[in-house]
Amino acid sequence: TVGCVVVDGNGSLATATSTGGLVNKMVGRIGDTPIIGAGTYANRFCAVSATGKGEEIMRATVARDVAALMEFKGMSLEVAADYVIQHCTPKGTAGLVAVSATGEVTMLFNTTGMFRACATEDGYSETGIW
Amino acid sequence: MGWAIALHGGAGDIPRHLPPERRQPREAALQNCLSMGVAAIKANKSPLDVVELVVRELENVPCFNAGRGSVLTNSGTVEMEACIMDGNTKRCGAVSGLTTVVNPVSLARLVMEKTPHIYLSFQGAEAFAREQGVQTVDTSNFITSENVERLKQAKEANRIQIDYTQPVIMASKGEYEETNPNLDSQIG
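Top to bottom, those sequences are chains A and B.
FYI, in our numbering the residues of the first sequence are 422 to 551.
FYI, in our numbering the residues of the second sequence are 99 to 286.
Structure follows, in structure tokens:
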């Protein structure tokens, strides 16, 4: 799975995700990527793209839950994403990248690793795997 | 408040001893896509344009599980999926079951912008792709030898795998071992 999230200087957000799914998946299987709110979601609070085991990401409505925790509980992006990844999805099944309307960025996973990269306007940049 | 961008190339049980020949192309692709995205943001492209641009580039990298290099179904076929969403308007588009579309994320955007719907799949999505004139190729172009081998391993172990899953090998027998009773990889 690949994905990207962006917020511009005006706080406008967008997300996109693309995938081949699971190796040896059944023909006709739908994963989390195209399910709005599961693997992909954006609103005026944040933009999220998830990766991992689609069935678990759908059960946990990962992307929408991050946005909902920010909207309804007032959590920061980091806290909301951490809660969803650490407490709402089984260990070893999910990761996500996300940005908020205020320019926060987070890349969290409960798997061994996640190929990832980010950059912000203040000059911060990061590329990582584990 | 300032701009920010993040991207991923998949999660899973990525071995810490990943050989340089497998690690470096992926790191280079991530860095390249990040640079493209940052340049697009600085050129005042909309967030929607930037995420589409970056994901198209990621789809074109065969070492990631999207576009060329997509993993295979149990029949050895490719079924790609993609989604795009605008946070301001909550407009979105999604596609699945694609077998010939070079950049599924762009077809997802066309679903968002050119139809009254959110999600098209399989024959309907492929027909829409033809109607919109997006680039298509023979499905064999998406299949890499590495993914043919991954499917073979997964079938031998009778399990499914997410993006990065290490084969479980019984050292003594050199055979694949299924460690989970539900025949699924729970360790990523």
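Ideal Cβ positions, reconstructed from N, Cα and C, are used throughout, including at glycine.
The C-alpha of D503 (chain A) is placed about 18 Å away from the C-alpha of F536 (chain A). Here the alpha carbon of K143 (chain B) sits roughly 14 Å from the alpha carbon of L132 (chain B). The beta-bridge partner set that DSSP reports for Q259 (chain B) consists of A:V444. Going by C-alpha positions, P202 (chain B) is about 30 Å away from E499 (chain A). By the beta-carbon neighbour count (other beta carbons within 10 angstroms, threshold 16), W101 (chain B) is buried. Taking a C-beta distance under 8 Å as the contact criterion, A164 (chain B) and E155 (chain B) do not qualify as a contact pair.
Neighbourhood of V423 (chain A) in chain B, by CB distance below 7 Å: H106, G107, G108, V153, L156, E157, F162 and A164, in chain order. 8 Å or more divides the Cβ of P455 (chain A) from the Cβ of E211 (chain B). In the DSSP annotation of this structure, I478 (chain A) is not part of any beta strand (DSSP E); the continuous alpha helix (DSSP H) holding it starts and ends at G475 to R480. Any Cβ of chain A closer than 8 Å to the Cβ of I258 (chain B) would place that residue at the interface, and such an atom is present. With respect to the C-alpha of G107 (chain B), the residue from B:G174, B:N245, B:T175 and B:V159 having the closest C-alpha is B:V159. Scanning its chain for C-beta atoms nearer than 7 Å, with the 5 sequence neighbours on each side dropped, one finds around Q507 (chain A) the residues N531, in chain order. What L146 (chain B) touches in chain A, judged by beta-carbon distance under 7 Å, is A435, going in chain order.
In the three-state reduction of the DSSP assignment, V152 (chain B) falls in the helix class. Look at V235 (chain B) here: in three-state DSSP terms it is coil, with no helix or strand label. Not a single C-beta of chain A is nearer than 8 Å to the C-beta of A225 (chain B). Contact between L128 (chain B) and T548 (chain A) holds: CB atoms are separated by about 5 Å, below the 8 Å threshold. Contact between R257 (chain B) and V169 (chain B) is ruled out by a C-beta separation of about 13 Å, above the 8 Å threshold. For D184 (chain B), the nearest CB of chain A lies under 8 Å from its own CB, placing it at the interface with that chain. The three-state secondary structure of S439 (chain A), taken from DSSP, is strand. With a 10 Å radius around the Cβ and a threshold of 16 neighbouring Cβ atoms, A437 (chain A) comes out buried.
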